[in-house]
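Asks:
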Amino acid sequence: MLSHLLIRNLAVVTRLEVELGGGMTCLTGETGAGKSILIDALGLALGARADSGVIRDGEERAEISALFDLADAPPARDWLRQQDLDDGDQCILRRVLVRGGASRAYINDSPVPARSLQALGGLLVDIHGQHAHQSLLQREEQRRLLDEFAGLTDEVEAIRRLYRQWQTLEEELEQQRDSVQRQQQRLELLQYQTDELTRLAITTEEIGTLDLDQRRLSGASDLLRQCQQLLDGLDADGTSVRSLLVAANRTLDDMLALDPSLAETRELLEGAAIQIDEAITGLRDYAGRVEIDPARLEQVERRLAEVHDLARKYQCRPEELPERLESLQRELQQIERDDRRLEQLEQGVAELAGQYRKAAAALTRARRAAAQRLAAAAGEGIRSLGMPDGRLVVEVTPRSEGRPGPSGMDQVGFLVATNPGQEPRPLARVASGGELSRISLAIQVATIGCGHVPTLIFDEVDVGIGGAVAEIVGRLLRQVGERRQVLCVTHLPQVAAQARQQLSVVKESSGGEVATRVEPLDGERRVDEIARMLGGVEITENTLAHAREMVAGAGRDSGAQRLGQSGSLQRP
Numbered sequence: 003m004l005s006h007l008l009i010r011n012l013a014v015v016t017r018l019e020v021e022l023g024g025g026m027t028c029l030t031g032e033t034g035a036g037k038s039i040l041i042d043a044l045g046l047a048l049g050a051r052a053d054s055g056v057i058r059d060g061e062e063r064a065e066i067s068a069l070f071d072l073a074d075a076p077p078a079r080d081w082l083r084q085q086d087l088d089d090g091d092q093c094i095l096r097r098v099l100v101r102g103g104a105s106r107a108y109i110n111d112s113p114v115p116a117r118s119l120q121a122l123g124g125l126l127v128d129i130h131g132q133h134a135h136q137s138l139l140q141r142e143e144q145r146r147l148l149d150e151f152a153g154l155t156d157e158v159e160a161i162r163r164l165y166r167q168w169q170t171l172e173e174e175l176e177q178q179r180d181s182v183q184r185q186q187q188r189l190e191l192l193q194y195q196t197d198e199l200t201r202l203a204i205t206t207e208e209i210g211t212l213d214l215d216q217r218r219l220s221g222a223s224d225l226l227r228q229c230q231q232l233l234d235g236l237d238a239d240g241t242s243v244r245s246l247l248v249a250a251n252r253t254l255d256d257m258l259a260l261d262p263s264l265a266e267t268r269e270l271l272e273g274a275a276i277q278i279d280e281a282i283t284g285l286r287d288y289a290g291r292v293e294i295d296p297a298r299l300e301q302v303e304r305r306l307a308e309v310h311d312l313a314r315k316y317q318c319r320p321e322e323l324p325e326r327l328e329s330l331q332r333e334l335q336q337i338e339r340d341d342r343r344l345e346q347l348e349q350g351v352a353e354l355a356g357q358y359r360k361a362a363a364a365l366t367r368a369r370r371a372a373a374q375r376l377a378a379a380a381g382e383g384i385r386s387l388g389m390p391d392g393r394l395v396v397e398v399t400p401r402s403e404g405r406p407g408p409s410g411m412d413q414v415g416f417l418v419a420t421n422p423g424q425e426p427r428p429l430a431r432v433a434s435g436g437e438l439s440r441i442s443l444a445i446q447v448a449t450i451g452c453g454h455v456p457t458l459i460f461d462e463v464d465v466g467i468g469g470a471v472a473e474i475v476g477r478l479l480r481q482v483g484e485r486r487q488v489l490c491v492t493h494l495p496q497v498a499a500q501a502r503q504q505l506s507v508v509k510e511s512s513g514g515e516v517a518t519r520v521e522p523l524d525g526e527r528r529v530d531e532i533a534r535m536l537g538g539v540e541i542t543e544n545t546l547a548h549a550r551e552m553v554a555g556a557g558r559d560s561g562a563q564r565l566g567q568s569g570s571l572q573r574p
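Those letters in the sequence shown? Residues 3 to 574, by our numbering.
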């Protein structure tokens, strides 16, 4: 709840501090005293649009700080933790307006954009009045109120989880479809290429063998000619290598008889002769194997030409063709897996869509049943607040174009009619700000156990009413204050008398300057203020007695409506 508000140099306020407690608090004072300035200042702290024109004349900056106790605001604490702005059980929202410059916003002394103040402020305060934002005018808030009134929070959360799962799988399905569609355009080419390379059936080893065979077959004639030349040089006539070695060995035999030291040289020449004989034998064997085979050469060259043609086609080296085939086959297998995944995703999406629609249909039925109960409860409250022909219609209709959403297939709208024969209109189109505030109050009372915003502000909900209706408004505000903090700006003593805390807003002039201050009232001072509101300029003893009676009787149930256990307004 809001526990402290500090305002500096805003409009007619020089410095103003307000301490607030739980329950219902009323702000009272003469017209023009500055009661609405407090609401406007709080609105700035909650992220409302700032205008440097509201800075007090002669000052360069204005500042508003609002201190909140978060004990009764779990959603706000969760938000702060998510934003890394959590600072314990309390939270300070601060707004600084600079003349001629941009405003600055802070949460727990950390600079933030104004939209962060708005997001957090919506979890802390709800302002009801013709010149202020209020969440009750928003369809999403109306839907949430109906769901909480009907006890459907768990069902809505289950729908939300189903929707997220469905949408996540749907997104994956769309991506998979796009991928498969692109792959299908390549599939035919892949199949052709893999068939082509499979028919080639080439291996790295075969490519090496073909190269050797091609060189050997194409050079067979040269090989035979060169082989014969070698044989002629080694073993053809008396001048061949073999003949020279034989002659050299005979000469060394003669020399050994004279000098035995040539024995090692003789052994070397004998070994060389043996190796020459082996080489000659090897060459003769090789010459016998070499054949000139034009048919085989043609076959090998045709095979090599096919290999090189495909290598050029696939822009790779011939020895890389087997690897290219494996790569294409893997790509084909991936497409087949993607096709199977596509079928699985389509089946999963269909199952989740079926579960969602079944749960959403049940949620729609429950909402429509609860809508009648809420309309009846709030309608009774509206009629008790000076609109005897007022009624509330809670519409549960299909979302636009029947599109599903995270909270189901429905859109919820609060429509109201305040006069006989008038067609119900959306709550946001109610012309009178006072009527709108009282209608909001009636709805708040009907859903008193449902709201999550801990502080409610009602700005002049008593416009255009008086007498018994004003007393009912006061009692209803007090009842709402039993559950949440209520801050009310009022001109009616019947409303102010019901408050647990009353603050008087006073405008003073001094030295040609005007300033506003706030005084807490209790005891006789409060009686005096209620008497002023009752009696106008001249306050009599009767007026004071009446004021004392009103303050003393605050909170009694007799003669007024009270809130029943079901949340509807009942008469005792």
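Where is the CB? At the ideal position from N, CA and C, for every residue including glycine.
Source: prediction; values computed, not measured.
1. Exposed or buried, Pro-456, counting other C-beta atoms within 10 Å across all chains shown (16 or more means buried)?
2. Considering Cα atoms alone, identify which of Arg-227, Ala-501 and Arg-179 is closest to Glu-345.
3. With a CB to CB cut of under 7 angstroms and the five nearest residues on each side skipped, what residues in its chain are close to Pro-324?
4. Any idea what DSSP makes of Gly-407, helix, strand or coil?
5. Which first and last residues belong to the beta strand (DSSP E) in which Arg-10 is found?
6. Starting from the Cα of Ala-380, find the closest Cα among Arg-166, Val-351, Leu-417 and Cys-318 and give me that residue.
7. Excluding the five sequence neighbours on either side, which residues of its own chain have a C-beta within less than 6 angstroms of the C-beta of Val-488, listed in chain order?
8. Which residues in the same chain as Gln-503 place their Cβ atom closer than 8 angstroms to its Cβ, once the five residues preceding and following it in sequence are excluded?
9. Of the choices Gln-231, Gln-446, Gly-468 and Ala-470, whose alpha-carbon is the least far from that of Phe-460?
10. Please give me, in chain order, every unbroken run of the beta strand (DSSP E) with length at least 3 that falls completely inside the region 96-147.
11. Let me know if Gly-210 comes out buried or exposed under the rule of 16 or more other beta-carbons within 10 Å of its beta-carbon.
12. Gly-290 by DSSP, collapsed to three states: which one?
13. Are the beta-carbon atoms belonging to Val-529 and Val-507 less than 8 angstroms from one another?
14. What is the rounded straight-line gap between the Cα of Ala-48 and the Cα of Ala-368?
15. What is the DSSP secondary structure of Ala-50, counted as helix, strand or coil?
16. Along the chain, where does the beta strand (DSSP E) containing Gln-331 start, and where does it finish?
17. Does the beta-carbon distance from Leu-175 to Glu-348 come in below 8 angstroms?
18. With DSSP as the reference, identify every bridge partner of Thr-27, one or two as the case may be.
19. Note down the Cα distance separating Gln-331 from Thr-196, rounded to an integer number of angstroms.
20. Taking the Cβ atom as the reference point for each residue, do Arg-141 and Gly-356 lie within a distance shorter than 8 angstroms?
21. Which residues mark the beginning and the end of the beta strand (DSSP E) in which Gly-392 is found?
22. Can you tell me whether Ala-64 is helix, strand or coil according to DSSP?
23. Please classify Ala-470: is it buried, with 16 or more other beta-carbons within 10 angstroms of its beta-carbon, or exposed?
24. Relative to the alpha-carbon of Asp-412, which residue among Asn-421, Ser-402 and Thr-420 has its alpha-carbon at the smallest distance?
25. Out of Leu-95, Val-100 and Ala-78, which has the shortest C-alpha to C-alpha gap to Glu-62?
26. For Leu-22, does the three-state DSSP call read helix, strand or coil?
27. For a minimum of 4 consecutive residues, which ranges assigned as the alpha helix (DSSP H) are wholly contained in the region 208-268?
28. Could you give the residue range of the alpha helix (DSSP H) that holds Ile-532?
29. Hey, how far is the Cα of Val-20 from the Cα of Thr-518?
30. Measure the alpha-carbon distance for Arg-227 versus Leu-271 and round it to whole angstroms.
31. Should the region 106-122 be called in touch with the region 28-44, which here means at least 3 C-beta pairs below 8 angstroms?
32. Can you give me the Cβ contacts of Ile-9 inside the same chain, cut-off strictly under 6 angstroms, excluding the 5 residues immediately before and after it?
33. Using only alpha-carbon positions, find the residue among Glu-510, Ala-498, Ala-289 and Arg-486 that is nearest to Gly-468.
34. Does the beta carbon of Ser-263 fall short of 7 angstroms from some heavy atom of the ligand GDP?
Replies: Answer, in terms of the structure:
1. buried
2. Arg-179
3. Ile-204, Thr-205 and Thr-206
4. strand
5. 4-12
6. Leu-417
7. Met-26, Leu-458, Leu-479 and Val-482
8. Leu-22, Gly-23, Gly-25, Met-26, Thr-27, Cys-28 and Pro-522
9. Gln-446
10. 106-109, 112-114 and 127-130
11. exposed
12. helix
13. no
14. One point to set straight first is that residue 48 is Leu, not Ala, in the sequence displayed. Cα to Cα, the separation comes out at about 35 angstroms.
15. coil
16. Counting along the chain, Gln-331 falls outside any beta strand (DSSP E), though it belongs to the alpha helix (DSSP H) covering 323-386.
17. yes
18. Leu-489 and Gln-503
19. 7 angstroms
20. no
21. No beta strand (DSSP E) contains Gly-392, which DSSP labels as neither H nor E.
22. strand
23. exposed
24. Ser-402
25. Val-100
26. coil
27. 222-237 and 243-260
28. 525-537
29. 12 angstroms
30. 29 angstroms
31. no
32. Val-15, Leu-18, Ala-43 and Ile-66
33. Ala-498
34. Absent from the structure shown: the ligand GDP. Ligands present: none.
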